[in-house]
Amino acid sequence: MSQRQSKGIGSSSADRAAIVLDEAAELALHLQQTTQALQSRTAIETPMPAEIPESVVREATAAAKRMAQVNAYSRALFSLKDAHAIRVATAECVTSVLRTDIAHVFLARAETEEATILSVFETGRPRMRNLLSHENELTVGVLGAHGTIAVIRTLNKSDWTDFSDEDLRILESIATHLGLKLENLRLENELKSQLQSSIQALAQAIEMKDRYTGGHTKRVFAYADAIASQLPLTEEERERVRLAGLLHDIGKIGVPDRILQKPSELTAAEWTEMERHTDWGYDIVSRVEGLENIAEILRFHHERWDGNGYPTGLKGTEIPRASRVITIADAFDAMVTERPYRKAMSPEDARIRILSLAGTQFDPEMVQAFDAAFEKLAALARQAAPGIS
Ligand SMILES: [Fe+2]
Ligand SMILES: [Fe+2]
6 MSQRQSKGIG SSSADRAAIV LDEAAELALH LQQTTQALQS RTAIETPMPA EIPESVVREA
66 TAAAKRMAQV NAYSRALFSL KDAHAIRVAT AECVTSVLRT DIAHVFLARA ETEEATILSV
126 FETGRPRMRN LLSHENELTV GVLGAHGTIA VIRTLNKSDW TDFSDEDLRI LESIATHLGL
186 KLENLRLENE LKSQLQSSIQ ALAQAIEMKD RYTGGHTKRV FAYADAIASQ LPLTEEERER
246 VRLAGLLHDI GKIGVPDRIL QKPSELTAAE WTEMERHTDW GYDIVSRVEG LENIAEILRF
306 HHERWDGNGY PTGLKGTEIP RASRVITIAD AFDAMVTERP YRKAMSPEDA RIRILSLAGT
366 QFDPEMVQAF DAAFEKLAAL ARQAAPGIS
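When you line the sequence shown up against the working numbering, it's residues 6 to 394, in that order.
See below:
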């Protein structure tokens, strides 16, 4: 009750207004007190955010750094192709991330006779051993599609601390990246060997078909590789030249035997038929998965630098580079091989002939490479046909 009511003030409109004002003032005071009480209670019940301990920040930063190192290792693995490089990169990553003295990477059981490593290969179970002498060891298996395919072992933390579960998790994570890489390599190698089998089968097919020039494809393969060795090519480009050398005449499978094995010179019509082997070669090889990129090389191996070749009359650098290598290797073999209708040239005479055709039939750069590789080519030619002069 307000003071005015308790004092018995009358009920004039001025009095009533005064009463309402009093009540409003009391209400405002009450609200203010309640708000203050709530504020003070909130202040007590909500603790101020505590400062994060320095050790936690340090540990989180170190963990982020370790994760970044493992990710960098994983990215580096993409470009590695040989076992030695993979082994070195893995050992470096392990010693650096886990801060250990040394790491060993066993990529096959046959690499060790140590019972402990063989048991990890066998069971796939990790092994952590912390000794009082601080000769500590952490070993994990690397899983592949068919069980444990490798083992990583690391010894002794540099700061003499024990290996922890966190260390084990990190090493297992590195092992997972390594396992994926090794599996990819295995699949790549399987594909490569399947491709090699296809290539051998194709090369064998043309050798059987064209017994008359027996060994021609293998010789062109060797001559082309010797010429390519004198050119600034990547290993991949050089491999393409070798393959194209081996398969360059595969299209002759489609040429009738009466033309292919004709003991005398061909007529114009027969030549036209024979010339189709470049397009047939392209058709055959472009259908083989993994060989599509050499189909063009086969198609243009009878083009000439001056544009007077076949099948399309490409000239100069329009002709694929590898085709320009094969052309010279092919011509050299034809010159130094005896045919029923003409005698074989000596390698030296063939050299003079090829040098004289630089800029017309042959790319001058390729002729230069041929000349630089000539001793090797001559030796190969004499090895293939000991009777030649
Ligand atoms: Fe040919
Ligand atoms: Fe040929």
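From the three backbone atoms N, C-alpha and C, an ideal C-beta is built for every residue, glycine too.
Q) How would you label Gly-13, buried or exposed, when you count the other beta carbons within 10 angstroms and need 16 or more for buried? A) Residue confidence for Gly-13 is low, a pLDDT of 41 falling below 50, so the modelled location carries little weight; the figure read from the coordinates is stated next. Looking at its Cβ environment, which holds fewer than 16 other Cβ atoms inside 10 Å, Gly-13 is exposed.
Q. Going by the beta-carbon positions, is the gap between Gly-256 and Ile-289 smaller than 8 Å?
A. yes
Q: Verify whether the separation of the beta carbon atoms of Thr-317 and Phe-367 is less than 8 Å.
A: no
Q | Residue range of the beta strand (DSSP E) that includes Arg-194 | A | Inspection of the sequence shows that residue 194 is occupied by Asn rather than by Arg. Here Asn-194 belongs to no beta strand (DSSP E); instead the alpha helix (DSSP H) covers 170–214.
(Q) Give me the residue from Val-145, Leu-103, Ser-84 and Lys-86 with the minimum Cα distance to Phe-111. (A) Val-145
Q. Leaving out the 5 sequence neighbours to the left and right, which residues in its chain are closer than 6 Å to Tyr-78 when beta-carbon positions are compared?
A. Close CB contacts of Tyr-78 within its chain, under the 6 Å cut and outside five residues either way in sequence, are with Cys-98 (chain order).
Q: Mind checking which residues open and close the beta strand (DSSP E) that includes Phe-111?
A: 105–111
Q: Give me whichever residues DSSP pairs with Val-147 in a beta bridge.
A: Ala-155
Q. Taking 7 Å as the cut-off, is the CB of His-182 close to at least one heavy atom of ligand 1?
A. The answer is no for His-182.
**Q.** Heavy atoms of ligand 4 versus C-beta positions, residues under 6 Å
**A.** Ligand 4 is absent from the structure shown, which contains only ligand 1 and ligand 2.
Q. Grouping DSSP H, G and I as helix and E and B as strand, with all else coil, what is Phe-367?
A. Three-state DSSP puts Phe-367 in a strand.
Q. Is the beta carbon of His-5 within less than 7 Å of some heavy atom of ligand 1?
A. The structure shown does not extend to residue 5, since the chain spans only 6 to 394, so no value can be given for it.
Q.
Quick check on Trp-310: buried or exposed, where buried means 16 or more other Cβ atoms within 10 Å of its Cβ?
A. buried
Q. The alpha helix (DSSP H) spanning Arg-247 covers which residue range?
A. 240–252
(Q) Quick check on Thr-365: buried or exposed, where buried means 16 or more other Cβ atoms within 10 Å of its Cβ? (A) Per the 10 Å Cβ criterion, exposed.
(Q) Is it the case that the segment 318–327 contacts the segment 279–294, given that we only count it when at least three CB pairs across the two stretches are under 8 Å? (A) With a cut-off of 8 Å on Cβ pairs, the segment 279–294 is not in contact with the segment 318–327, counting fewer than three such pairs.
Q.
Using CA atoms only, rank isn't needed, just tell me which of Glu-242, Met-72, Val-246 and Leu-183 is closest to Val-93.
A. Leu-183
Q) Where do the ends of the alpha helix (DSSP H) carrying Arg-329 lie? A) 326–341
Q) Mapping DSSP to helix, strand and coil, what is Met-133? A) Strand at Met-133.
**Q.** Which of helix, strand or coil DSSP assigns to Arg-63
**A.** If DSSP states are grouped into helix, strand and coil, Arg-63 belongs with the helices.
Q: Determine the closest residue to Ala-386 out of Ala-377, Ala-334, Pro-345 and Gln-373, with distance taken between C-alpha atoms.
A: It is Ala-334.
Q) For Leu-236, which of Ala-384, Asn-76 and Glu-370 has the nearest alpha-carbon? A) If we check each option's Cα against that of Leu-236, Glu-370 comes out closest.
Q: Check whether the Cβ atoms of Arg-247 and Asn-298 sit closer than 8 Å, and answer yes or no.
A: no
Q: Can you say whether Asn-141 is buried or exposed, counting buried as having 16 or more other CB atoms within 10 angstroms of its CB?
A: buried
Q) Taking DSSP as the reference, what is the three-state secondary structure of Lys-162? A) strand
Q. Which residues mark the beginning and the end of the alpha helix (DSSP H) in which Pro-286 is found?
A. Reading off the sequence, residue 286 comes out as Gly, not Pro. Element bounds for Gly-286: 282–291.
Q.
Helix, strand or coil for Arg-347? Go by DSSP, reduced to three states.
A. DSSP, reduced to helix, strand and coil, places Arg-347 within a strand of the structure shown.
Q) Taking Cβ to Cβ, would you say Ala-336 is nearer than 8 Å to Ile-357? A) no
Q.
Please return the same chain residues whose Cβ sits closer than 6 Å to the Cβ of Ala-300, not counting the five positions on each side in sequence.
A. Tyr-287, Val-290 and Ser-291
Q.
Let's test the definition: count the other Cβ atoms within 10 Å of the Cβ of His-221 and tell me whether it reaches 16, buried, or not, exposed.
A. buried
Q | Reduced DSSP category for Glu-97 - H, G, I as helix; E, B as strand; rest coil | A | Taken through DSSP and simplified to helix, strand or coil, Glu-97 comes out as helix.
**Q.** Near ligand 1: His-89 beta-carbon under 7 Å from a heavy atom
**A.** no
Q) If we ignore side chains and look at the alpha-carbon of each, how far apart do Trp-165 and Gly-152 end up? A) A straight-line Cα-Cα distance of about 33 Å links Trp-165 and Gly-152.
Q. Exposed or buried, Leu-196, counting other C-beta atoms within 10 Å across all chains shown (16 or more means buried)?
A. exposed
Q) Beta carbon of His-151: closer than 7 Å to some heavy atom of ligand 1? A) no
(Q) Taking 8 Å as the limit between beta carbons, can you name the residues of its chain near Ala-210, skipping five residues before and five after? (A) Sequence-distant Cβ neighbours of Ala-210 in its own chain, meaning closer than 8 Å and more than five residues away, are Ile-255 and Ile-258.
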